[in-house]
């Protein structure tokens, strides 16, 4: 090969590898723009892409998948803006995220953690266990952290569907995505308002 990989293709090949490894995230808008840029760059400089057809096709395919992903919130900046607005109501935010003031005895979570099967993708496994602790009140997850995790997991699942959408992982992936979406929009799973006030509890105490 007589020339280096085109700069734009090299950049996006590197970024997509980071997405596959869970080290960064791409929104659907970013992926769509990147795919369009690559198409235009190759059209303008076809000779530069000679010998890199496989890398080019791989990048286009991956960006196409990410451009179609069904993220609940595509724009992290909108999440940041929402988080800043929520700072105008600090009392409500503390009330929504603080551990139970009643000081009720937490039940042991060991059995619930033990029920999580081995072999889940690493990022999914981490969030399954974090959400178990979150629902018990032992862990606080900020909305922006949940939004980033939601997009990261969606990226990974779209690029590695066999790992995330098999019979074992798919139910956990679905629930993790649902709960992260609720946290990202400040709708806390397992916390309900009744005439007696705020209390925790799921109709099913297990993760699934």
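Residue numbers (UniProt numbering): 1 to 208.
Built from N, CA and C at the ideal position, the CB exists for glycine as well.
Looking only at its chain, what residues have a beta carbon closer than 6 Å to the beta carbon of residue i, apart from the 5 residues adjacent to it on each side?
| i | result |
| --- | --- |
| residue 12 | 34, 59 |
| residue 5 | 52 |
| residue 141 | 134, 183 |
For the alpha helix (DSSP H) that contains residue i, what are its first and last residues?
| i | result |
| --- | --- |
| residue 133 | 122 to 136 |
| residue 59 | 53 to 67 |
| residue 19 | 7 to 20 |
| residue 43 | 28 to 44 |
| residue 4 | It is not in any alpha helix (DSSP H) - residue 4 carries neither H nor E in the DSSP assignment. |
| residue 164 | 161 to 164 |
| residue 49 | Per DSSP, residue 49 belongs to no alpha helix (DSSP H) and is neither H nor E. |
| residue 110 | 110 to 114 |
| residue 178 | 169 to 184 |
Just the Cα atoms here: how many angstroms apart are residue i and residue j?
| i | j | result |
| --- | --- | --- |
| residue 120 | residue 168 | 8 Å |
| residue 112 | residue 22 | 26 Å |
| residue 165 | residue 115 | 19 Å |
| residue 16 | residue 117 | 29 Å |
| residue 183 | residue 131 | 10 Å |
| residue 7 | residue 56 | 12 Å |
| residue 65 | residue 159 | 7 Å |
| residue 136 | residue 50 | 56 Å |
| residue 31 | residue 173 | 22 Å |
| residue 133 | residue 146 | 14 Å |
| residue 175 | residue 37 | 35 Å |
| residue 127 | residue 43 | 42 Å |
| residue 246 | residue 157 | Given a span of 1 to 208 for the chain in the structure shown, any question on residue 246 remains unanswerable. |
| residue 150 | residue 143 | 10 Å |
| residue 161 | residue 54 | 21 Å |
| residue 40 | residue 10 | 15 Å |
| residue 185 | residue 27 | 17 Å |
| residue 45 | residue 3 | 13 Å |
| residue 14 | residue 129 | 30 Å |
What do you reckon, are the CB atoms on residue i and residue j nearer than 9 Å?
| i | j | result |
| --- | --- | --- |
| residue 138 | residue 180 | no |
| residue 170 | residue 152 | no |
| residue 69 | residue 155 | yes |
| residue 47 | residue 19 | no |
| residue 178 | residue 25 | no |
Can you list, in chain order, the residues of its chain whose CB lies under 8 Å from that of residue i, leaving out five sequence neighbours each side?
| i | result |
| --- | --- |
| residue 125 | 116 |
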